[in-house]
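Numbered per the UniProt record's numbering, the sequence shown spans residues 1 to 414.
Built from N, CA and C at the ideal position, the CB exists for glycine as well.
Structure, as structure tokens:
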Amino acid sequence: MTDIHDVIVLGAGMVGVSTALHARMRGLNVVLVDRRQPGEETSYGNSGVIDGGNLYPVAMPRDVPTLFQHALNRQTASHYHVGALPKVARWMFDYWRWSAPAKLEETARVMRPFFAQAVETHRELMAVAGAERYFRQTGWLELYRRPESLAAQDRRLALAREFGIDNVKLTHDETLELEPHLKGAFAGSIWCKGADTVSNPGGVTKAYAEAYVSRGGRFVIGDAMTLEKVAGGYRVQTADGPVTARQVVVALGIWSKALVAKFGYSVPLSAKRGYHRHYKPAGNAFLNRQVCDEDVGYVLCPMEQGIRLTTGVEIALPDAPATPVQVERAFAHAKDLFDLGEPVEAEPWMGRRPATPDSRPVVGPAPRHEGLWFAFGHGHWGFTLGPATGKALAIAMQGAPQPLDLSPYRIDRW
Ligand SMILES: Cc1cc2nc3c(=O)[nH]c(=O)nc-3n(C[C@H](O)[C@H](O)[C@H](O)COP(=O)(O)OP(=O)(O)OC[C@H]3O[C@@H](n4cnc5c(N)ncnc54)[C@H](O)[C@@H]3O)c2cc1C
Numbered sequence: 001m002t003d004i005h006d007v008i009v010l011g012a013g014m015v016g017v018s019t020a021l022h023a024r025m026r027g028l029n030v031v032l033v034d035r036r037q038p039g040e041e042t043s044y045g046n047s048g049v050i051d052g053g054n055l056y057p058v059a060m061p062r063d064v065p066t067l068f069q070h071a072l073n074r075q076t077a078s079h080y081h082v083g084a085l086p087k088v089a090r091w092m093f094d095y096w097r098w099s100a101p102a103k104l105e106e107t108a109r110v111m112r113p114f115f116a117q118a119v120e121t122h123r124e125l126m127a128v129a130g131a132e133r134y135f136r137q138t139g140w141l142e143l144y145r146r147p148e149s150l151a152a153q154d155r156r157l158a159l160a161r162e163f164g165i166d167n168v169k170l171t172h173d174e175t176l177e178l179e180p181h182l183k184g185a186f187a188g189s190i191w192c193k194g195a196d197t198v199s200n201p202g203g204v205t206k207a208y209a210e211a212y213v214s215r216g217g218r219f220v221i222g223d224a225m226t227l228e229k230v231a232g233g234y235r236v237q238t239a240d241g242p243v244t245a246r247q248v249v250v251a252l253g254i255w256s257k258a259l260v261a262k263f264g265y266s267v268p269l270s271a272k273r274g275y276h277r278h279y280k281p282a283g284n285a286f287l288n289r290q291v292c293d294e295d296v297g298y299v300l301c302p303m304e305q306g307i308r309l310t311t312g313v314e315i316a317l318p319d320a321p322a323t324p325v326q327v328e329r330a331f332a333h334a335k336d337l338f339d340l341g342e343p344v345e346a347e348p349w350m351g352r353r354p355a356t357p358d359s360r361p362v363v364g365p366a367p368r369h370e371g372l373w374f375a376f377g378h379g380h381w382g383f384t385l386g387p388a389t390g391k392a393l394a395i396a397m398q399g400a401p402q403p404l405d406l407s408p409y410r411i412d413r414w
């Protein structure tokens, strides 16, 4: 089949699926291409928080004692492969620079209009896809074991108030009113009331993909790395033969780096790998929402498959063998807070957050290739920002007035 489409979307994670669905809803003739079925990579295994109230990005520690602790490689929140360090040193240095307090504040302000659209744009696609059964409008909890950690959030809470974000500081006992099965000693929590959470991120991504197909969108298995520029557009090889379109969107998560390099664009994208494992809750224990153990660095997520324990960051090359040491370390701490039973799977799952050093995604047109668009690098928050990204790109591809200023997300900002 060699018919010409309006748009090829490469990558069927949350970002690509949302882009394809929005483009289709605007009447474009779209083909979505992935080497797997939709929502089976990073968008499958995350914590399922749609954090519309997000402010400061996940930062690298800057004080020497904490950096030293992480360097020992025994932390739960972080882990790294020594062999990867030479390849990621420049990225780590830039990430460290972008973790300075003034830079975090700058990022929070730049990213606010994007995050502010997150819940609304998800609810829009949720309704289109009939995916309501996955959604909980109960917010999520950041739990702090140490009083001083909770107190340190006051600056952020003040900024949140400035932006009208609904965050509430709760004592230990108030936290237990929301989550009666939490246990142990902790100081309190912040209830991020404005967030939505889901019980199956992969299921949500697949539901959006099914909505796209049921509206006449085409999904084909293919290899994005075969993309080439041809007269009048772009062509990619698929299981159905070559597919051609006037425009193409690169939404390949961490794998975007290799494809855009083929077109001469160098982008500082590194994998912040993360793991999850599901556990049966012991007895009748349950959670109503995702709970992040902030002082240790992992999240407990009530999912259809069980309680999903998701880990912090592992710095490693994207395809290096899995080293899920953080899962066992987090499990040892999680038992203080919640009664976890047997693991559901034999092995933990591994995913790759596609991370830029300035914690902003790359969204917008390619400066030197007409019809080539980028939508990747959403790091810790691609599940949250996928629908807002897809909407902004679909509008931009049609040249319509844009509610979101895309200039902070240009690929040539470095
Ligand atoms: C442990 C963990 C917890 C997280 N928690 C959250 C959270 O609570 N909230 C949140 O917002 N985000 C969270 N994230 C981050 C979020 O999951 C990612 O930012 C997001 O899934 C990225 O989506 P994506 O569509 O860009 O990439 P992906 O979901 O990785 O999709 C990329 C797609 O490209 C395809 N592909 C790759 N190469 C090729 C090729 N050559 N040809 C064809 N197809 C190809 C892949 O098969 C894949 O389907 C978490 C991540 C992790 C690891």
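{"Asked": "Any idea if F186 is buried or exposed, counting beta-carbon neighbours within 10 angstroms, 16 or more meaning buried?", "Found": "buried"}
{"Asked": "Which stretch, first to last residue, makes up the alpha helix (DSSP H) that contains Y95?", "Found": "L85 to R97"}
{"Asked": "Look at A23 and M397 and say whether their C-beta atoms are less than 9 Å apart.", "Found": "yes"}
{"Asked": "From the DSSP secondary-structure annotation, give me the bridge partner or partners of P281.", "Found": "L340"}
{"Asked": "Provide the residue span of the alpha helix (DSSP H) that contains I307, from first to last.", "Found": "Premise fails: I307 lies in the beta strand (DSSP E), G306 to T311, not in any alpha helix (DSSP H)."}
{"Asked": "M303 by DSSP, collapsed to three states: which one?", "Found": "strand"}
{"Asked": "Assuming Y212 is part of the alpha helix (DSSP H), what are its boundary residues?", "Found": "P201 to S214"}
{"Asked": "Let's see if you can read the secondary structure: which residues bound the alpha helix (DSSP H) around G45?", "Found": "T42 to G45"}
{"Asked": "Determine the burial state of K391: buried for a count of at least 16 other Cβ atoms within 10 Å of its Cβ, exposed for fewer.", "Found": "buried"}
{"Asked": "Where do the ends of the beta strand (DSSP E) carrying V82 lie?", "Found": "Unbroken run through V82: none, as it is neither H nor E."}
{"Asked": "Can you grab the Cα-Cα spacing for the pair M29 / R360, in whole Å?", "Found": "The sequence given here has Asn at residue 29, not Met. Distance between the alpha carbons of N29 and R360 is about 29 Å."}
{"Asked": "Report yes if the C-beta of V15 is less than 8 Å from at least one heavy atom of ligand 1; otherwise report no.", "Found": "yes"}
{"Asked": "Would you identify the three-state DSSP class for F376, choosing helix, strand or coil?", "Found": "strand"}
{"Asked": "For K229, list the residues DSSP reports as bridge partners.", "Found": "Y234"}
{"Asked": "Any chance the CB of S78 is under 8 Å from a heavy atom of ligand 1?", "Found": "no"}
{"Asked": "Could you tell me if the beta carbon of M126 falls within a distance shorter than 8 Å of some heavy atom in ligand 1?", "Found": "no"}
{"Asked": "Can you grab the Cα-Cα spacing for the pair V220 / L182, in whole Å?", "Found": "45 Å"}
{"Asked": "Enumerate, from N- to C-terminal direction, the unbroken alpha helix (DSSP H) stretches of 4 or more residues contained entirely within the region 3 to 69.", "Found": "14 to 25 and 42 to 45"}
{"Asked": "For ligand 1, is there any heavy atom lying closer than 8 Å to the beta carbon of R289?", "Found": "no"}
{"Asked": "Is W414 helix, strand or coil when you go by DSSP?", "Found": "coil"}
{"Asked": "From this set, V260, A71, R413 and D51, which residue's C-alpha is nearest M60's C-alpha?", "Found": "A71"}
{"Asked": "Give me, in chain order, the residues of the same chain whose beta-carbon lies closer than 6 Å to that of G203; leave out the 5 immediate sequence neighbours on both sides.", "Found": "Y134"}
{"Asked": "If D196 sits next to I315, beta carbons under 8 Å apart, how far is it from one beta carbon to the other, in whole angstroms?", "Found": "Between I315 and D196 the Cβ distance is about 29 Å, and since that is not below 8 Å, they are no contact."}
{"Asked": "Given a cut-off of 9 Å on the beta-carbon distance, is the pair R308 and S47 in contact?", "Found": "yes"}
{"Asked": "Looking at I254 and ligand 1, is the gap between the Cβ and the nearest heavy atom below 8 Å?", "Found": "yes"}
{"Asked": "Within 8 Å: the Cβ of S359 and any heavy atom of ligand 1?", "Found": "no"}
{"Asked": "A346 lies in the alpha helix (DSSP H); which residues open and close that run?", "Found": "Run containing A346: none; DSSP gives neither H nor E here."}
{"Asked": "For chain D, check one thing: does any of its Cβ atoms lie closer than 9 Å to the Cβ of A108?", "Found": "In the structure shown, chain D does not exist; there is a single protein chain."}
{"Asked": "Rounded to whole angstroms, how far is the Cβ of H79 from the Cβ of V325, which I believe are closer than 8 Å?", "Found": "6 Å"}
{"Asked": "Going by the beta-carbon positions, is the gap between S43 and V7 smaller than 9 Å?", "Found": "no"}
{"Asked": "What are the uninterrupted segments assigned as alpha helix (DSSP H) that are 4 or more residues long and contained completely in the region 143 to 179, given in chain order?", "Found": "147 to 151, 154 to 162 and 172 to 178"}
{"Asked": "Using the beta-carbon count (16 or more within 10 Å), is A118 buried or exposed?", "Found": "buried"}
{"Asked": "Start and end of the alpha helix (DSSP H) containing R109?", "Found": "P101 to A116"}
{"Asked": "Is I165 close to ligand 1? I mean its beta-carbon at under 8 Å from any heavy atom of the ligand.", "Found": "no"}
{"Asked": "Beta-carbon separation of G217 and V33 under 9 Å?", "Found": "no"}
{"Asked": "Which residues in the same chain as L157 place their Cβ atom closer than 8 Å to its Cβ, once the five residues preceding and following it in sequence are excluded?", "Found": "N167, K169 and I190"}
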